[in-house]
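Scroll down for the structure; my scribbles are underneath it.
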Amino acid sequence: MRKVEFIDLPNLDKARKRQRIPQTIEFHFNPTKEAVEYFKGKKYFIRTYGCQANIRDEETMCGILNEFGMLKTDNEKECDLAILNTCAVRENAEDKVFGQIGEFKNIKEKNKNVILMICGCMIEQKHIIDKILDLFPFVDIMFGTHNIKDIVLLLSNFIKTHTRYIDVSSYEGDIVEDLPVSRLETYKAFVNITYGCDKFCTYCIVPYTRGKERSRSEEEILKECKELESKGYKEITLLGQNVDAYGKDLKNGSTFAGLLDKVASLNIPRIRFLTSYPSDFKDDVIDVMKKHKNIMKFIHLPVQSGSNMILRAMARRYTKEEYLDLIDRIKTKIPEMEFSTDIIVGFPNETYEEFLDTIDLVKKVHYTSAFTFIYSPRVGTPAAKLIDNVTYDEKVKRFKELVKALEVDFTNIANSMIGKTYEVLVEEVSKKNKDLLSGYTENNKVVHFKGDKSLIGNLIKVKITESHVYSLFGEIVNE
Ligand code: 5AD
Ligand code: SF4
Numbered sequence: 509m510r511k512v513e514f515i516d517l518p519n520l521d522k523a524r525k526r527q528r529i530p531q532t533i534e535f536h537f538n539p540t541k542e543a544v545e546y547f548k549g550k551k552y553f554i555r556t557y558g559c560q561a562n563i564r565d566e567e568t569m570c571g572i573l574n575e576f577g578m579l580k581t582d583n584e585k586e587c588d589l590a591i592l593n594t595c596a597v598r599e600n601a602e603d604k605v606f607g608q609i610g611e612f613k614n615i616k617e618k619n620k621n622v623i624l625m626i627c628g629c630m631i632e633q634k635h636i637i638d639k640i641l642d643l644f645p646f647v648d649i650m651f652g653t654h655n656i657k658d659i660v661l662l663l664s665n666f667i668k669t670h671t672r673y674i675d676v677s678s679y680e681g682d683i684v685e686d687l688p689v690s691r692l693e694t695y696k697a698f699v700n701i702t703y704g705c706d707k708f709c710t711y712c713i714v715p716y717t718r719g720k721e722r723s724r725s726e727e728e729i730l731k732e733c734k735e736l737e738s739k740g741y742k743e744i745t746l747l748g749q750n751v752d753a754y755g756k757d758l759k760n761g762s763t764f765a766g767l768l769d770k771v772a773s774l775n776i777p778r779i780r781f782l783t784s785y786p787s788d789f790k791d792d793v794i795d796v797m798k799k800h801k802n803i804m805k806f807i808h809l810p811v812q813s814g815s816n817m818i819l820r821a822m823a824r825r826y827t828k829e830e831y832l833d834l835i836d837r838i839k840t841k842i843p844e845m846e847f848s849t850d851i852i853v854g855f856p857n858e859t860y861e862e863f864l865d866t867i868d869l870v871k872k873v874h875y876t877s878a879f880t881f882i883y884s885p886r887v888g889t890p891a892a893k894l895i896d897n898v899t900y901d902e903k904v905k906r907f908k909e910l911v912k913a914l915e916v917d918f919t920n921i922a923n924s925m926i927g928k929t930y931e932v933l934v935e936e937v938s939k940k941n942k943d944l945l946s947g948y949t950e951n952n953k954v955v956h957f958k959g960d961k962s963l964i965g966n967l968i969k970v971k972i973t974e975s976h977v978y979s980l981f982g983e984i985v986n987e
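Residues in the sequence shown are numbered consecutively from 509, following the numbering used here.
Next comes the structure, spelled out in structure tokens:
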């Protein structure tokens with residue numbers, strides 16, 4: 509058995525604490541000379557699961573590894589270092605990672621010098637670390653979401669000692685500035701505005717894996733946005749688990765509305781933000797959205813459930829009526845606003861009547877798109893302790909019923925777009941048809957159309973000719 513060194517182990521109780529005030533610290537790239545020599549020109553492979561926060565973390569890790577002189581590869585079979593950047597939000601996300609770790613066994617058998625690292629939200633859970641130690645002895649390094657800045661140190665130590673390292677700090681977290689970044693796209697970017705979450709919805713693992721809600725300073729955020737502006741980026745998405753809480757902890761009067769106003773005043777054609785929390789969403793944000801044409805008139809506003817009983821059991825801090833009232837207030841000021849949402853079906857002991865309240869809400873809001881999930885118990889969360897009287901088959905049945913109800917609106921909204929012309933940010937060659945390009949409209953609908961690859965990264969006008977539940981087809985309009 510190889511030696512294992514536990515630098516720090518995850519602890520959900522410690523992660524739950526909210527006592528210490530997070531600090532802003534600066535990152536310094538400080539590898540050993542041997543590490544620089546060892547890694548220069550070597551290839552790394554990284555696979556990210558889960559949300560935009562994880563994608564942004566991937567960009568940071570790539571930034572750091574590129575400073576090492578390493579090169580990114582999309583082919584895991586030719587890499588010298590492999591990183592799995594994991595998600596813990598539902599069990600199926602974790603299962604995918606376990607499957608992928610298994611595949612690395614063969615790769616490591618062929619080349620024992622490949623270093624395998626696993627990081628991200630899964631690693632913030634002690635039972636997952638135990639499982640990996642037990643089942644996958646070939647995993648070399650595991651580190652948590654707070655330890656990304658330490659990747660250099662971990663790699664430097666590993667090449668010296670070949671010890672398996674586990675480094676997971678369970679704490680409120682800090683804000684690390686000046687981390688290198690290698691962005692995955694050249695035309696759209698994510699900018700973190702807050703980290704962590706203090707909401708502790710009873711089903712959710714995120715407040716434990718990502719620490720206390722903490723805001724970056726306006727100055728740092730605007731610096732990052734201005735840099736993206738100068739590089740010609742077309743779209744910025746401001747990121748946080750709850751963007752509406754931005755500034756609360758800074759205690760200097762900063763608010764999300766104020767920040768959004770400043771970011772939208774830059775010369776960036778498209779501004780989006782993710783994710784909003786209904787009862788923290790303030791009317792001044794609606795006013796700023798109305799004021800700026802470049803803020804997309806599309807809000808992702810997770811509701812989770814339409815039943816007040818279930819919302820209370822989830823510790824969501826609003827009622828169905830308050831949610832619908834917010835939607836009304838937004839639509840009164842900005843009639844063209846469209847919405848997407850997240851909904852969980854089958855929360856423990858949800859009755860069919862309570863589920864029907866969700867269907868009722870969905871029919872009232874008319875969502876343009878939605879992410880739907882079957883409840884997945886997460887070890888250590890309050891909901892996971894509940895004894896559930898709803899069978900899995902019943903949950904699947906409700907899930908399908910919900911999707912059917914949502915698809916009525918998806919279809920109607922998509923149909924209403926036929927014949928009209930929309931601005932589209934061209935993203936890539938269509939995955940299903942190499943002769944087509946794909947891009948996104950203001951309301952985040954994917955559109956496929958014929959066009960030259962050189963258009964990727966540009967905003968163009970597309971007339972919609974055909975609609976499907978989840979996609980549109982169109983043709984470029986030359987002005
Ligand atoms: N089970 C199912 N869905 C979940 N989500 C978060 N935790 C769980 C869970 N335990 C969903 C919520 C959230 C989205 C990112 O993931 O809908 O908004
Ligand atoms: Fe999880 Fe709730 Fe925080 Fe969203 S607001 S990250 S669902 S705890």
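For every residue, glycine included, the Cβ atom is placed at its ideal position computed from N, Cα and C.
Per DSSP, what are the beta-bridge partners of residue 956 in this structure?
For residue 956, which the question treats as bridged, DSSP gives the partners 946, 981.
Based on DSSP bridge pairs, tell me the residues matched to residue 628.
For residue 628, which the question treats as bridged, DSSP gives the partners 594.
What would DSSP say about residue 863, mapped onto helix, strand or coil?
Reduced to three states, the DSSP call for residue 863 is helix.
Residues surrounding ligand 2 [beta-carbon distance to nearest heavy atom under 6 Å]:
Here the list is 705, 707, 708, 709, 712, 714, 715, 749, 750, 785.
Counting only runs of 3+ residues fully inside the stretch 735-793, write out the beta strand (DSSP E) ranges in chain order.
The beta strand (DSSP E) runs of length 3 or more contained entirely in the stretch 735-793 are, from start to end of the chain, 743-747, 778-782.
Please name the residue, chosen from 931, 910, 623, that lies closest to residue 647 on a Cα-to-Cα basis.
For the residues 931, 910, 623, the minimum Cα distance to residue 647 belongs to 623.
So, is residue 686 buried or exposed, given that buried needs 16 or more other C-beta atoms within 10 angstroms?
The residue is exposed, with fewer than 16 neighbouring Cβ atoms inside 10 Å.
Given this structure, state the Cα-to-Cα distance separating residue 795 from residue 868, to the nearest angstrom.
If I take the Cα positions, the gap works out to 28 Å.
I'd like to confirm the pairing. Which residues does DSSP put opposite residue 881 in its beta bridges?
DSSP lists 852 as partners of residue 881.
Is the closest heavy atom of ligand 1 to the C-beta of residue 703 under 7 Å?
Not under cutoff, so the answer is no.
Please determine, among 582, 654, 751, the residue with the shortest C-alpha to C-alpha distance to residue 518.
Closest by alpha carbon: 654.
Return the chain-ordered list of same chain residues with a C-beta closer than 6 Å to the C-beta of residue 755, the five sequence neighbours on each side being excluded.
Taking residue 755 as the centre and dropping the five residues before and after it, the same chain places the C-beta of 723, 762, 763 closer than 6 Å to its C-beta, in chain order.
Evaluate contact between the stretch 713-728 and the stretch 869-889, counting only Cβ atoms and requiring at least three cross-stretch pairs below 8 Å.
By the Cβ test, the stretch 713-728 is in contact with the stretch 869-889, since at least three Cβ pairs between them sit closer than 8 Å.
Determine whether the beta carbon atoms of residue 876 and residue 951 lie at a separation below 8 Å.
Yes. Within cutoff.
Residue from 606, 596, 937, 603 whose Cα sits closest to the Cα of residue 628
Considering only alpha carbons, the answer is 596.
Run through DSSP, which three-state label would residue 576 get?
Residue 576 sits in coil when the DSSP states are folded into three classes, being neither helix nor strand.
Touch test, the stretch 562-575 against the stretch 607-614, Cβ-Cβ under 8 Å, three pairs minimum:
Counting Cβ pairs under 8 Å, fewer than three are found: no touch.
What three-state label does DSSP hand residue 531 in the structure shown?
Coil at residue 531, not helix or strand.
Does the Cβ of residue 548 have 16 or more other Cβ atoms within 10 Å, making it buried, or fewer, making it exposed?
So residue 548 counts as exposed.
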